[in-house]
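Participant:
Residue numbers (the numbering used here): 70 to 151.
#1: Going by Cα to Cα distance, which pick from 75, 145 and 104 is closest to residue 126?
#2: Report the CB separation of residue 117 from residue 74 in whole angstroms; it is logged as a contact under 8 Å.
#3: Quick check: the Cα distance between residue 99 and residue 131, rounded to an integer number of angstroms?
#4: Within 10 angstroms of its Cβ, does residue 110 collect 16 or more other Cβ (buried), or is it exposed?
#5: Excluding the five sequence neighbours on either side, which residues of its own chain have a C-beta within less than 7 Å of the C-beta of residue 90, listed in chain order?
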């Protein structure tokens, strides 16, 4: 089990995004609380924070190496900006 460093809800509150010490962001359904998490994206460094834009279009992450990444929520592997 990895340790959580940050979490946030998407605007609709149907999912929660969880960042962990290994640099990964997982999504968990609030509607299915016993379901497994889904890997959304990953960093090479420990994540310090995760946030979602008000319109749920972007996932923003900040890592220990002072990098802030803006990824498309629909395709998190596609990075919009650093």
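All residues carry an ideal CB built from backbone N, CA and C; glycine is no exception.
Facilitator: On the basis of the coordinates in this document:
#1: 145
#2: 6 Å
#3: 24 Å
#4: With 16 or more other Cβ atoms within 10 Å, it is buried.
#5: 71, 72, 74 and 115
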